Amino acid sequence: MARPDRAPNEAPEPQKLERLAEWAASRRFTDIRLEDLPYLKVLVLDTVGCALGALGHGPIEAVRSLTSELGGNSLCTLIGGGRGAPDRAAFFNGSLVRYLDFMDITMVRGQSFHPSDNFASVLAASELADASGQQLLTALATSYEVQTVFSERAPLQEKGFDHVTHLAFSIPAGCTNALGLDVRKGANAIAMCACATNTLWVIRTGRLSSWKGFASAQAAMSCMHMVLLASRGLTGPLNLMEGPQGWEEVVGDRVEVDWEKQPLRKFMESSVKRYNAEGHTQSALDCLLAMRAEHGIRPDDVRRVEVDAFKQVHNIVGGGEAGDRAEVASKEQADHSLPYLCAVALLDGDVWPEQLTDERLRRPDVQELMTRVWVRQREALSTRYPDEMPARVSVLLRDGSELKRETADYPGFARTRRLDWDGALAKFERLAGPELDAGLLREIPHAVQALDQVQASELAGLLGRAGRERRVRASA
Numbered sequence: 001m002a003r004p005d006r007a008p009n010e011a012p013e014p015q016k017l018e019r020l021a022e023w024a025a026s027r028r029f030t031d032i033r034l035e036d037l038p039y040l041k042v043l044v045l046d047t048v049g050c051a052l053g054a055l056g057h058g059p060i061e062a063v064r065s066l067t068s069e070l071g072g073n074s075l076c077t078l079i080g081g082g083r084g085a086p087d088r089a090a091f092f093n094g095s096l097v098r099y100l101d102f103m104d105i106t107m108v109r110g111q112s113f114h115p116s117d118n119f120a121s122v123l124a125a126s127e128l129a130d131a132s133g134q135q136l137l138t139a140l141a142t143s144y145e146v147q148t149v150f151s152e153r154a155p156l157q158e159k160g161f162d163h164v165t166h167l168a169f170s171i172p173a174g175c176t177n178a179l180g181l182d183v184r185k186g187a188n189a190i191a192m193c194a195c196a197t198n199t200l201w202v203i204r205t206g207r208l209s210s211w212k213g214f215a216s217a218q219a220a221m222s223c224m225h226m227v228l229l230a231s232r233g234l235t236g237p238l239n240l241m242e243g244p245q246g247w248e249e250v251v252g253d254r255v256e257v258d259w260e261k262q263p264l265r266k267f268m269e270s271s272v273k274r275y276n277a278e279g280h281t282q283s284a285l286d287c288l289l290a291m292r293a294e295h296g297i298r299p300d301d302v303r304r305v306e307v308d309a310f311k312q313v314h315n316i317v318g319g320g321e322a323g324d325r326a327e328v329a330s331k332e333q334a335d336h337s338l339p340y341l342c343a344v345a346l347l348d349g350d351v352w353p354e355q356l357t358d359e360r361l362r363r364p365d366v367q368e369l370m371t372r373v374w375v376r377q378r379e380a381l382s383t384r385y386p387d388e389m390p391a392r393v394s395v396l397l398r399d400g401s402e403l404k405r406e407t408a409d410y411p412g413f414a415r416t417r418r419l420d421w422d423g424a425l426a427k428f429e430r431l432a433g434p435e436l437d438a439g440l441l442r443e444i445p446h447a448v449q450a451l452d453q454v455q456a457s458e459l460a461g462l463l464g465r466a467g468r469e470r471r472v473r474a475s476a
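If you count the sequence shown from 1, position 239 lands on 239 in the working numbering, and the numbers rise without skipping.
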């Protein structure tokens, strides 16, 4: 029913998705603060490093084989070589970004998420539009903003939905910007994506499967496809937010945002992982490894490790709401088990992809030691999150002595110790080095650092040349 104060021929008030699309379509590179730009590039470098580090892993090779077998118009780059249709490129590249579980993480009250999940779709859209690097950065910042705002206003985890669900808003918003869609097409793209892309949190509970690492790639592919459908004139339910049985009614939260007052700064809240482990474990692992280095702890001398943690750590990786974390028989279970992660950190002195291989996680030494790791939730620590990432670790030794250490954060935590370019470059070189020759190892970071001065296709082209070192080794 029309509002009483609206004339019969007056245009209806724009609905929420239309206001979001108008804001997304109108974002410009100049909306990114000059002093914030270097950190956005840090996040891009971290994202492509994670993607390159995933090349060659079994599930990734399975996805690549299927992508090649299905074919499609070769419009977009596949990281590691080859080209494919935009939606399939979004799936494959999104799988690479996500597979290692080493990508960035943003933490808000009630939910955490990985905004680099937007990168693959935005890259594909930027290639399709022959966009500049400035446009790619703007579109990516737009996606980060939208996903963070929705996570703040309507966290979903306690309602049974996964954070991947919010990609249904952020991916089409970023792609609307990258492709230069008008407001109507952008709003319809968001409407279709948000109506059809809703992921359940069960993918991160109980006995974890490989889909934990691919659900966001599925969202990237589906959303990319629906954005392109909208660009051809297909329409979606523009009353998706406010309508009967609409999104807000289903999730039980109203998302009220004055988009015109929303700056492009939320990417500054995204943290970079120091260890190849679930995001909330970073400070506990940093604490334990510092103790190991300082005291020369020998695993055989350890009677028990006690980790006092905030609620999210206990619930997700410590045996709380998400289920038992005492059984580890796969990479997916390992990177979401704090007992395993603490055990392998004590044994190996690090937590990188090498610590999550099937061969490593099945060894008796780590399987036995993880039974001596206890995780306890502490309310006093929970109240400090997400402004801090506190952890308190005690190591009880067989001689009766006890070592203790507490930390409020870790290097890479965006609110207090944001990673700089040199730190991001070191992580990139260690992750991507095995997949790159010396030239690409220099050229890719240079292209990221100069992304506001080149075309998006320049970075994409370099990423498409990666992986040759591995392919040469495999054929030798």
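Every residue, glycine too, gets a C-beta built ideally from N, C-alpha and C.
Predicted, not measured: the structure shown is a model, and the values here were computed from it.
Neighbourhood of residue i by C-beta, 7 Å cutoff - its chain only, sequence neighbours within 5 removed
{"i": "GLU294", "result": "none"}
{"i": "ALA2", "result": "Legend: pLDDT at ALA2 = 42, less than 50; position of this residue unreliable, value from coordinates given subsequently. Cβ neighbours of ALA2 beyond the five flanking positions: none."}
{"i": "VAL454", "result": "GLY133, ALA447"}
{"i": "LEU17", "result": "ALA187, ILE190, ALA191, LEU238, LEU240, MET241"}
{"i": "LYS212", "result": "ILE203, ARG204, GLU332"}
{"i": "ILE60", "result": "ALA54, SER95, LEU96, TYR99"}
{"i": "TRP201", "result": "GLN157, GLY160, PHE161, ASP162"}
Beta-ladder partner(s) of residue i, from DSSP
{"i": "GLN377", "result": "ALA309"}
{"i": "CYS76", "result": "GLY84"}
{"i": "ILE105", "result": "SER271"}
{"i": "ALA24", "result": "According to DSSP, ALA24 bridges with nothing at all."}
{"i": "ARG304", "result": "LEU396"}
{"i": "LEU200", "result": "PHE161"}
{"i": "SER132", "result": "GLN455"}
{"i": "ALA345", "result": "Looking at the DSSP assignment, ALA345 forms no beta bridge with any residue, so it has no partner."}
{"i": "ALA391", "result": "ALA309, THR407"}
Beta-carbon proximity list for residue i, same chain, < 6 Å, skipping 5 on both sides
{"i": "ASP348", "result": "GLN355"}
{"i": "THR199", "result": "ASP162, VAL164, THR165, ALA215"}
{"i": "ASP286", "result": "TYR410"}
{"i": "ASN118", "result": "SER143, SER170, ILE171, GLY174"}
{"i": "ARG6", "result": "Its pLDDT being 47, under 50, ARG6 is placed unreliably by the model, and the measurement read from it follows with that caveat. Answer for ARG6: no residue qualifies."}
{"i": "THR503", "result": "Since the first residue of the chain shown is 1 and the last is 476, residue 503 is not available in this structure."}
{"i": "ARG392", "result": "ASP308, GLU406"}
Other residues of its chain near residue i: CB distance less than 8 Å, five sequence neighbours each side excluded
{"i": "ALA432", "result": "VAL48, GLY49, LEU52, GLY53, LEU441, ILE444, ALA466"}
{"i": "ALA476", "result": "Confidence in ALA476 is poor, its pLDDT being 40 and thus under 50, which makes the residue's placement too unreliable to answer from."}
{"i": "THR281", "result": "TYR275, VAL313, VAL317, LEU338, LEU341"}
Extent of the continuous beta strand (DSSP E) to which residue i belongs
{"i": "GLU479", "result": "Past the boundaries of the shown model lies residue 479; the chain is included only from 1 to 476, so the question cannot be answered."}
{"i": "PHE113", "result": "111 to 113"}
Nearest-angstrom Cα separation, counted from residue j out to residue i
{"i": "GLN15", "j": "LEU462", "result": "41 Å"}
{"i": "ALA141", "j": "VAL122", "result": "10 Å"}
{"i": "LEU459", "j": "LEU451", "result": "8 Å"}
{"i": "TYR385", "j": "ARG274", "result": "19 Å"}
{"i": "VAL44", "j": "GLN377", "result": "34 Å"}
{"i": "ARG88", "j": "LEU100", "result": "20 Å"}
{"i": "PHE113", "j": "ARG298", "result": "35 Å"}
{"i": "GLY174", "j": "ALA139", "result": "4 Å"}
{"i": "VAL313", "j": "GLY233", "result": "45 Å"}
{"i": "GLU388", "j": "ASP399", "result": "34 Å"}
{"i": "VAL351", "j": "MET370", "result": "14 Å"}
{"i": "LEU338", "j": "GLU321", "result": "14 Å"}
{"i": "ALA154", "j": "ASN276", "result": "28 Å"}
{"i": "ARG184", "j": "CYS193", "result": "14 Å"}
{"i": "ARG473", "j": "HIS57", "result": "Because the pLDDT of ARG473 is 42, which lies under 50, any placement of that residue in the model is unreliable, and the number read from its coordinates should be weighed accordingly. Going by the C-alpha atoms only, they are around 15 Å apart."}
{"i": "GLU260", "j": "ARG109", "result": "24 Å"}
{"i": "ARG304", "j": "GLU429", "result": "35 Å"}
{"i": "SER457", "j": "ALA131", "result": "8 Å"}
{"i": "LYS311", "j": "ALA120", "result": "31 Å"}
{"i": "THR106", "j": "LEU264", "result": "15 Å"}
{"i": "VAL319", "j": "ARG28", "result": "Val is not the amino acid found at residue 319; the sequence shown has Gly there. Going by the C-alpha atoms only, they are around 45 Å apart."}
{"i": "ASP258", "j": "ALA24", "result": "13 Å"}
{"i": "LEU403", "j": "VAL373", "result": "14 Å"}
{"i": "LEU181", "j": "VAL302", "result": "60 Å"}
{"i": "SER222", "j": "GLU278", "result": "25 Å"}
CB-CB length for residue i against residue j, believed under 8 Å
{"i": "GLY323", "j": "THR205", "result": "5 Å"}
{"i": "LYS266", "j": "THR148", "result": "4 Å"}
{"i": "ASN93", "j": "LEU70", "result": "That belief does not hold up - the Cβ atoms of ASN93 and LEU70 are roughly 15 Å apart, past 8 Å."}
{"i": "ARG64", "j": "SER74", "result": "Not a contact, Cβ separation roughly 14 Å."}
Unbroken alpha helix (DSSP H) run spanning residue i, endpoints
{"i": "LYS261", "result": "Unbroken run through LYS261: none, as it is neither H nor E."}
{"i": "TYR39", "result": "37 to 53"}
{"i": "ILE60", "result": "58 to 70"}
{"i": "THR176", "result": "167 to 179"}
{"i": "GLY423", "result": "421 to 432"}
{"i": "ILE32", "result": "Note, ILE32: premise wrong, no alpha helix (DSSP H); not H, not E."}
{"i": "ASP286", "result": "282 to 295"}
{"i": "ALA334", "result": "331 to 334"}
{"i": "LEU228", "result": "215 to 231"}
Beta carbon proximity, residue i to chain D, threshold 7 Å
{"i": "TYR275", "result": "The question asks about chain D, but that chain is absent: this structure has only one protein chain."}
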